[in-house]
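Here my numbering is used: the first residue of the sequence shown is 80, the next is one more, and so on. Ideal placement from N, C-alpha and C gives every residue a C-beta, glycine not left out. Heads up, the thing below is written out as structure tokens.
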Amino acid sequence: MHVVLHAACLLLVAGGAAAAPGTDLHAYWDDRCAACHGDAGPFARATLRVVDGRLAGLHHGTAVDGFLRSHHLAPELHAPVVAMLAAQATTPALYSAHCAGCHGPAAVLVRESLRWDGSQWVSRRRGQALERLLASHGGAPAADVPVLARTLRRVTEEVGLPGGPYAR
Ligand code: HEC
Ligand code: HEC
80 MHVVLHAACL LLVAGGAAAA PGTDLHAYWD DRCAACHGDA GPFARATLRV
130 VDGRLAGLHH GTAVDGFLRS HHLAPELHAP VVAMLAAQAT TPALYSAHCA
180 GCHGPAAVLV RESLRWDGSQ WVSRRRGQAL ERLLASHGGA PAADVPVLAR
230 TLRRVTEEVG LPGGPYAR
């Protein structure tokens, strides 16, 4: 009961988006959803949209939210996974274009190569702030840096990396 109440509080604070701290939504997807749907990002961009602030599927339209309540998805992860899919569906595939070739999935890079330094997310070894790192590493054009940095910060939350604020 305590756990349920705690989760409900977090959901209110984060507008329905946050999983309990430490929950790794990417690992969950890989374990429970990827066998049928492949990687989450490409699936979301190919199959899902956000219409009037609500997730919409090619097949189910905005009823996809209700569909997911009886489709393989643990109830406590319904809101966080819907939020993750909505974010992926509305974020250009800049990470895939500029980084995945060397680093593989964003979740892997974030788990292994980012850390919270007490006030912001930085690269694990050199301790560089994300915007600074991206300005000199990976070859992304300057115009793409803000979106890339925002994407990586979002993924820190989705993989439940310890330290940072559970907020976008
Ligand atoms: C055993 C295979 C299988 C697994 C596992 C599975 N799905 Fe599905 N999923 C399907 C099929 C088949 C459809 C299309 C049928 C339908 O839309 O009713 C679908 C449809 C969807 C849709 C709707 C797409 C649209 O166009 O409306 C979403 C979103 C979705 N799945 C998410 C998930 C998530 C999240 C998980 C993991 C928790 C998951 N699925 C696990 C087979 C699977
Ligand atoms: C050509 C291959 C390549 C590309 C493309 C690339 N990286 Fe890297 N990246 C590396 C290598 C090799 C390292 C480890 C050596 C180093 O730290 O420079 C690394 C290290 C890192 C680190 C850890 C640095 C640290 O201080 O711990 C981060 C974070 C990172 N890359 C993010 C990115 C992002 C984000 C992108 C896309 C914009 C990207 N990389 C594109 C090869 C690449």
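- With a cutoff of 7 Å, Val143 counts as near ligand 1, since its C-beta is closer than that to a heavy atom of the ligand.
- Every residue with a CB closer than 5 Å to a heavy atom of ligand 2 is listed here in chain order: His177, Cys178, Cys181, Ser192, Ser202, Arg203, Arg204, Arg205, Gly217 and Ala219.
- Distance from the C-beta of Thr235 to the nearest heavy atom of ligand 1 is not below 7 Å.
- The alpha-carbon of Thr141 is positioned some 38 Å away from that of Leu212.
- With fewer than 16 other Cβ atoms inside 10 Å of its own Cβ, Val130 counts as exposed.
- Residue side-chain check: Ala114 places its Cβ nearer than 7 Å to a non-hydrogen atom of ligand 1.
- Fewer than three beta-carbon pairs drawn from the stretch 138-158 and the stretch 203-210 are found closer than 8 Å, and the two stretches are therefore not classed as touching.
- At a threshold of 7 Å, His105 does not count as near ligand 1, since its beta carbon sits no closer than that to any of the ligand's heavy atoms.
- Exposure of Thr169 is indicated by the presence of fewer than 16 other C-beta atoms within 10 angstroms of its C-beta.
- Asp144 sits away from Arg128, with the two beta carbons spaced by 8 Å or more.
- If the five residues before and after Val189 are omitted, its C-beta is found closer than 8 Å to the C-beta atoms of Leu231, Val234, Thr235, Val238 and Leu240, all from its own chain and listed in chain order.
- Closest in alpha carbon position to Asp223, among Phe146, Ser175, His150 and Cys115, is Ser175.
- Scanning the stretch 186-231 from its first residue to its last, the whole beta strand (DSSP E) runs of 3-plus residues come out as 193-195 and 200-202.
- Sequence-distant partners of Asp118 (beyond 5 residues in either direction) whose C-beta falls short of 8 Å from its own C-beta, in its chain, are Pro184.
- Membership of Arg124 in the alpha helix (DSSP H) is indicated by the continuous run Ala119 to Thr126.
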